[in-house]
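Trainee: So the sequence shown is numbered by this note's numbering: it starts at 1 and just counts up by one. Next up is a structure, given as structure tokens.
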Amino acid sequence: MEGKVPIPHVLIFPFSFQGHMNSMLKLAELLCPAHFYITFLYSDHNHKRLLRFTDAEARFRRWPKFHFETITDGLPADDPRSVERIFEMFDASESIIRALFRDLVISLSRPQQEIPPLSCIIADGIIPFAIDVADEFKIPIISFRTVSACSFWAYFCIPKLIAAGELPFQGDMDVLIKGVPGMEGFLRRRDLPSFCRAAEFNGPVFQSLLRSTLDTTRASGFILNSFEDLEGPILSEIRSHLPNLNCTTWLDSRPSNSVVYVSFGSVALVGRETLLEFWYGLVRSGTHFLWVVRPDSITGGEIDPEIPGELLEATKERGCIVGWSPQEEVLAHPAVGGFLTHSGWNSTLESIFAGVPMICWPCLADQQTNSRFVCEVWRVGVDMKDTCDRGTVERMVRDVMKRRKEELMGSVQKLAKLARISIGEGGSSRSNLDRLIQDIRSMTPSCPP
Ligand code: UDP
């Protein structure tokens, strides 16, 4: 490896259709000049075609950190691989390719002599298992959809169309579709992706495509093969509906310390009524807010469809609601000035380390005690334990973001400095870590100290 500077290692994995491979190979070629290690994983079948009909091999030879790797597409060599066989391709994807891909991710994640461990996956957004595997090994994944932004957006809106009764349809194909934002007025039934013409939606290909499309929100990033001047309005719709892919971009446009970040961790549940109280409180505090509402976190199903207009308007103006966020990155962002948290210990430490004062709404277990220390002992936040009416939320957000801002910021910044000192050379946490390493060595027979 070159010096000690870590070099990114990106695994690029298109679905086995030719068009998907072409556009992802172009992306790989664009990344090569950045001198990343790139492993391009594609089907044996496409590999043979590429060697036979293109100069790709010669073109990539000038990038020594680029490697082709092949995998089966699960079909026999003489299969015509026509569109009628699409079911078999999706089926093979789950039953054969998932395990092979997982094995490859494991092997690439191990440091090897010349090759750095895998640091990022860019996978075709229609590969149904790629995000699961990336999540399992905690490798950041970027989803690449090789279709147009407009057709992706139509796919993405399918659940909404079903809920609104616009899908499935029968009869007149020229009826206008209302439920795809940005396409009202010209998109007809006949213009929806062809899978939408089915009488019912239980087919495995439809289900797989739909699941993969909705799963896009779980990725750390999203790439579309298009450009702003061609599909700008639709790209804006996608950005506004997939904000968790863009929440740090949203923060970039906010003034320093102006945003309260709201998240209740990875497991806490919030009832619908409580959610509304938080929402009113946040809106009425007049502060900008970035709020993580995990889709699985609302008891009693989804957010009430009858959301008061007042909340929607204010959220459009000052808020951003996402399904998940890169929390440490968010807390470190200069725009973030407060954290409304459930006082989970990781969240508390992350907030202290980032120097962000807290509004605590503890839910269970250790959180009740953590929040008391935050408020009473360390004095880096306020505690709204056992209450969650809109008035309290509004008051406490104002306290942290305005009235007691200087005082709380001052104390949390001091703690943040101490946290940094503790992990630096000679700091207490660093020394304890060194001791732990020694202890583990001493427990291992014949290991040098
Ligand atoms: N987290 C995150 N993004 C989110 C919500 C949570 O990255 O949108 C992370 C957060 O940074 C923390 C962990 O999930 O590291 C939550 O752990 P914590 O102990 O705070 O709460 P728990 O989820 O165990 O209740």
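Don't be surprised by glycine CBs; every beta carbon is placed ideally from N, CA and C. These figures come from a predicted structure and were not determined experimentally.
1. Of the residues P128, M358, S93, which one's Cα is nearest the Cα of W378?
2. Would you mind listing the beta strand (DSSP E) stretches within the region 144 to 219 that are 3+ residues and don't spill past its ends, in chain order?
3. On the criterion of 16 or more Cβ atoms from any shown chain inside 10 Å, does I97 qualify as buried, or is it exposed?
4. What number of angstroms, rounded off, separates the C-alpha of C247 from the C-alpha of H241?
5. To test your reading of the DSSP string, which unbroken beta strand (DSSP E) runs of 3 or more residues are found completely within the region 348 to 373?
6. How many whole angstroms separate the CB atoms of P204 and Y155, which I take to be in contact at a CB cut-off of 8 Å?
7. According to DSSP, is G3 part of a helix, a strand, or is it coil?
8. Please look up how many angstroms separate the CB atoms of E237 and P181, rounded, as I've assumed it's under 8 Å.
9. If you pair each beta-carbon of the region 311 to 321 with each one of the region 281 to 297, do three or more pairs fall below 8 Å?
10. Where DSSP assigns a beta bridge to L41, which residues make up the other side?
11. Under 6 Å Cβ to Cβ from E328, same chain only, skipping five residues before and after it: list those, please.
12. Per DSSP, what kind of secondary structure is M443 in: helix, strand or coil?
13. C247 lies in the alpha helix (DSSP H); which residues open and close that run?
14. Cβ of W361 within 8 Å of any heavy atom in ligand 1?
15. Could you compute how far the alpha carbon of E184 sits from the alpha carbon of M173?
16. Name the residue from P168, F186, F169 whose alpha carbon lies nearest to the alpha carbon of L176.
17. May I have the straight-line CA-CA distance separating A416 from P334, to the nearest angstrom?
18. In terms of alpha-carbon separation, which member of A58, F66, V293, L340 lies closest to A34?
19. So, using beta-carbon positions, are M24 and D124 closer together than 9 Å?
20. Pick from Q113, E114, C120: whose alpha carbon is nearest that of V105?
21. Which ranges would you report for the beta strand (DSSP E) in the region 277 to 320 if only whole runs of at least 3 residues count?
22. By the three-class DSSP mapping on this structure, what secondary structure does D383 have?
23. For A332, which residues of its own chain have a beta-carbon under 6 Å away from its beta-carbon, when the five flanking residues on both sides are left out?
24. CB D383 to CB C360, shorter than 9 Å?
25. Identify which residue in I115, L27, K48 has its Cα closest to the Cα of D73.
26. For I141, which residues of its own chain have a beta-carbon under 7 Å away from its beta-carbon, when the five flanking residues on both sides are left out?
27. For M89, count the other beta carbons within 10 Å of its own beta carbon; 16 or more makes it buried, fewer makes it exposed. Which is it?
28. In chain order, what residues of the same chain have a beta carbon less than 7 Å from the beta carbon of I234, not counting five sequence neighbours either side?
29. Taking the DSSP output, what are the residues bridged to V10?
30. From L100 to P255, what distance separates their C-alpha atoms?
31. In the structure shown, what three-state DSSP assignment does V336 receive?
32. From M401, I86, C320, L311, pick the residue whose C-alpha is nearest to that of S208; which is it?
Mentor: For this structure:
1. The residue with the shortest Cα to Cα distance from W378 is M358.
2. Runs found: none.
3. The residue in question, I97, is buried, as its Cβ has 16 or more Cβ neighbours within 10 Å.
4. Distance between the alpha carbons of C247 and H241: 11 Å.
5. As summarised for the region 348 to 373, the continuous beta strand (DSSP E) elements at least 3 residues long and confined to that stretch are 358 to 360, given in chain order.
6. Incorrect: roughly 16 Å between the Cβ atoms, too far for contact.
7. Any reading at G3 must be qualified, since the residue scores a pLDDT of 42, below 50, and its modelled position is unreliable; the value itself is stated next. G3: coil per DSSP, three-state reduction.
8. Contact flag correct, Cβ pair sits at about 5 Å.
9. As far as the Cβ criterion goes, the region 311 to 321 touches the region 281 to 297, which means the pair count is three or higher.
10. E69.
11. Taken in chain order, the residues that qualify are E350.
12. Under the three-state reduction of DSSP output, M443 falls in the coil class, being neither helix nor strand.
13. Here the alpha helix (DSSP H) through C247 covers 247 to 252.
14. No, the Cβ of W361 stays beyond 8 Å of every heavy atom of ligand 1.
15. Cα to Cα, the separation comes out at about 15 Å.
16. Comparing Cα positions, the closest option is F186.
17. Rounded to the nearest angstrom, the two C-alpha atoms are 14 Å apart.
18. Considering only alpha carbons, the answer is F66.
19. At a Cβ-Cβ threshold of 9 Å, M24 and D124 count as neighbours.
20. For V105, the closest of Q113, E114, C120 by C-alpha to C-alpha distance is C120.
21. Those beta strand (DSSP E) runs which fall completely within the region 277 to 320 and span 3+ residues are 288 to 292.
22. In the structure shown, D383 sits in a strand (DSSP, three-state: E or B).
23. Same-chain partners within the cutoff: A354.
24. In contact: D383 and C360 (Cβ atoms closer than 9 Å).
25. Ranking I115, L27, K48 by Cα distance to D73 puts K48 first.
26. Cβ within range, chain order: I121, A123, A130, I131, A134, A219, S220.
27. With 16 or more other Cβ atoms inside 10 Å of its own Cβ, M89 counts as buried.
28. Once the five neighbours on either side are set aside, the close Cβ partners of I234 are A149, C150, W153, G182.
29. BP columns for V10 point to I38, C120.
30. Between L100 and P255, the alpha-carbon positions lie close to 47 Å from each other.
31. In the displayed model, V336 falls within a strand according to three-state DSSP.
32. Among M401, I86, C320, L311, the Cα nearest to that of S208 belongs to I86.
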